[in-house]
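Protein sequence lines correspond, in order, to chains S and C. For what it's worth, the numbering used here labels the leading residue of the first sequence as 23, then goes sequentially. For what it's worth, the numbering used here labels the leading residue of the second sequence as 23, then goes sequentially. Each residue gets a CB set at the ideal place from its N, CA and C atoms; glycine is no exception.
2 protein chains.
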Amino acid sequence: MTRSSPAPEPLTPNSDSRFDRQLARILEHATAIFYEKGYEGASMRDLSRLSGLSLAGLYYYFDSKERLLYLIQRHLFLSVMDLVRERLKDESDPEQRIRIFIRNHLEYFLAKPEAMKVLSHEDDVLKEELGTEISSLKRQYYRCCADLVEALKAAKGLRFNSRIAALSLFGMMNWIHTWYNPRVDGDAQAVAGEIADVFLRGIYSTETPG
Amino acid sequence: MTRSSPAPEPLTPNSDSRFDRQLARILEHATAIFYEKGYEGASMRDLSRLSGLSLAGLYYYFDSKERLLYLIQRHLFLSVMDLVRERLKDESDPEQRIRIFIRNHLEYFLAKPEAMKVLSHEDDVLKEELGTEISSLKRQYYRCCADLVEALKAAKGLRFNSRIAALSLFGMMNWIHTWYNPRVDGDAQAVAGEIADVFLRGIYSTETPG
Chain S
23 MTRSSPAPEP
33 LTPNSDSRFD
43 RQLARILEHA
53 TAIFYEKGYE
63 GASMRDLSRL
73 SGLSLAGLYY
83 YFDSKERLLY
93 LIQRHLFLSV
103 MDLVRERLKD
113 ESDPEQRIRI
123 FIRNHLEYFL
133 AKPEAMKVLS
143 HEDDVLKEEL
153 GTEISSLKRQ
163 YYRCCADLVE
173 ALKAAKGLRF
183 NSRIAALSLF
193 GMMNWIHTWY
203 NPRVDGDAQA
213 VAGEIADVFL
223 RGIYSTETPG
Chain C
23 MTRSSPAPEP
33 LTPNSDSRFD
43 RQLARILEHA
53 TAIFYEKGYE
63 GASMRDLSRL
73 SGLSLAGLYY
83 YFDSKERLLY
93 LIQRHLFLSV
103 MDLVRERLKD
113 ESDPEQRIRI
123 FIRNHLEYFL
133 AKPEAMKVLS
143 HEDDVLKEEL
153 GTEISSLKRQ
163 YYRCCADLVE
173 ALKAAKGLRF
183 NSRIAALSLF
193 GMMNWIHTWY
203 NPRVDGDAQA
213 VAGEIADVFL
223 RGIYSTETPG
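Below you can see the structure in the form of structure tokens.
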């Protein structure tokens, strides 16, 4: 599936060209369509209808539905990682750093429920190069969280299975898209506080005596 | 969408009629197809091909793809609830009862990874009557877990947000289908123990002093 037409400009997060704005708009439409119909059920034709771009225009920019899903996932992982790195920069306390990670994750994804569902539902659709690149971004993001958990464990001499603890924390955070109700549960900050309390006390209580 | 042909026999879990065995087999094929293609992407034609049943025969039994998804989900919730009730019958210690719930959930769903993904991916597809009935079964199952959490909270005088705690526990358990690797993580019993430890210590540490 090679393409002879010139490649579009690279997607640079802070640039503000007309192309980037159009790309961002199309990715939003694509997220909405994947959310509503599922990735397999959505078609480029649906997306062309919703975005007002011709089918030919859509294929000119994106080649395929796979490429759209790839760009959506890539954008989400890069953005949430940029945000959390920025927020972690000035904090050195290991417990606070985990609280920042949890709060950042929930604030980011609760503001984007459609994106959250598309990420978690279509997490194994992409194959080959695109899939490998997304897996690598996801691993970086997981690693960031696991490193914070390891740092607390080392600092306080705790004992627990770090892998299962960090993955359980992602479960607590990501499952939220199935139940979150702002009127009952409060805002992202409130829920992040509750989840952080259960998680941190859960691993703290394994503290070795003395 | 009324159907003039006679309704099939009701699905009774322990009966062993030829019809029930055929139904169970078709539900397994349907689960595999939904797992592979997603609910929206799967067609009755795919299922007819896989199960060896004619398309007309399939529609005779099931009316629609919705009805198949409904029967799959209903069967899973009823089975896992029957199992956990049986296992809870002879245990009165509130902490052990939560451990039993976690272990039952993980043993049941880790043995059925395809079913687990179909349940969590297609949890809001069914509408109207079928959707209402599945929501009600799901609520019963959630309630069973939440009651166990409430019982421990009352018995030990703990303080925490029960709703967020119980839903976080479901997150820890259900997210597992995205990461579980038996060679790294051990069997369902081992993972259930780790998750139960993090969860129980997490809520225990909120014990009120005195």
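Under three-state DSSP, which class holds residue i?
i: Phe-182 (chain C); result: coil
i: Trp-1 (chain S); result: Lying outside 23 to 232, the shown extent of chain S, residue 1 (chain S) is not represented and no answer is given.
i: Gly-74 (chain S); result: coil
i: Asp-209 (chain C); result: coil
i: Asp-146 (chain S); result: coil
i: Glu-113 (chain C); result: coil
Once the 5 residues before and after residue i are set aside, which same chain residues still bring their CB inside 6 Å of it?
i: Ile-48 (chain C); result: Ser-73
i: Met-103 (chain C); result: Tyr-163
With 16 other CB atoms within 10 Å as the buried threshold, where does residue i fall?
i: Thr-230 (chain C); result: The predicted position of Thr-230 (chain C) is uncertain, since its pLDDT is 40 and thus under 50; a value taken from the coordinates is nonetheless stated next. The residue is exposed, with fewer than 16 neighbouring Cβ atoms inside 10 Å.
i: Ala-46 (chain C); result: exposed
i: Thr-154 (chain S); result: exposed
i: Phe-41 (chain C); result: exposed
i: Asn-203 (chain S); result: exposed
i: Glu-216 (chain C); result: buried
i: Val-106 (chain C); result: buried
i: Leu-77 (chain C); result: exposed
Out of the options, which one is the CA nearest neighbour of residue i?
i: Ala-177 (chain S); options: S:Arg-89, S:Asp-145, S:Gln-118, S:His-143; result: S:Gln-118
i: Val-220 (chain S); options: C:Arg-181, C:Pro-204, C:Pro-116, C:Thr-200; result: C:Arg-181
i: Leu-8 (chain C); options: C:Phe-123, C:Leu-132, C:Gly-215; result: Because residue 8 (chain C) is not part of the residues shown, which for chain C are 23 to 232, the question remains open.
i: Glu-151 (chain S); options: S:Glu-144, S:Lys-111, S:Glu-88; result: S:Glu-88
i: Leu-132 (chain S); options: S:Phe-41, S:Asp-42, S:Ala-210; result: S:Ala-210
i: Glu-50 (chain S); options: S:Ser-65, S:Glu-62, S:Leu-69, S:Leu-110; result: S:Leu-69
i: Ala-168 (chain C); options: C:Arg-121, C:Glu-108, C:Ala-54, C:Ser-86; result: C:Arg-121
i: Leu-174 (chain C); options: C:Gln-162, C:Arg-161, C:Ala-188, C:Tyr-163; result: C:Ala-188
i: Lys-59 (chain C); options: S:Tyr-82, S:Phe-56, S:Gly-63; result: S:Gly-63
i: His-127 (chain S); options: S:Phe-84, S:Ser-158, S:Glu-113, S:Leu-191; result: S:Leu-191
i: Asn-183 (chain S); options: C:Arg-185, C:Leu-80, C:Gly-208; result: C:Gly-208
i: Tyr-81 (chain C); options: C:Ile-94, C:Arg-96, C:Ser-65; result: C:Ser-65
Going by DSSP, what residue range makes up the alpha helix (DSSP H) through residue i?
i: Gly-60 (chain S); result: 40 to 63
i: Glu-136 (chain C); result: 135 to 143
i: Ser-101 (chain C); result: 87 to 110
i: Leu-132 (chain C); result: 116 to 132
Can you list, in chain order, the residues of its chain with a C-beta nearer than 8 Å to that of residue i? Leave out the 5 residues immediately preceding and following it.
i: Leu-98 (chain C); result: Lys-134, Ala-137, Leu-141
i: Gly-193 (chain C); result: none
i: Tyr-61 (chain C); result: Lys-87, Leu-91, Val-140, His-143, Glu-144, Val-147
Is residue i near the ligand MG, judged by its Cβ being under 7 Å from some heavy atom?
i: Phe-123 (chain S); result: As for the ligand MG, it is missing from this structure, which has no ligand bound.
By Cβ distance, which residues of its chain are closer than 7 Å to residue i, with the 5 residues on each side in sequence left out?
i: Glu-113 (chain S); result: Arg-119, Ile-122
task: Using a Cβ-Cβ cut-off of less than 8 Å, give me the residues of the segment 137 to 155 of chain C that come near chain B, in sequence order.
output: In the displayed structure, chain B is absent; the protein chains listed are S and C.
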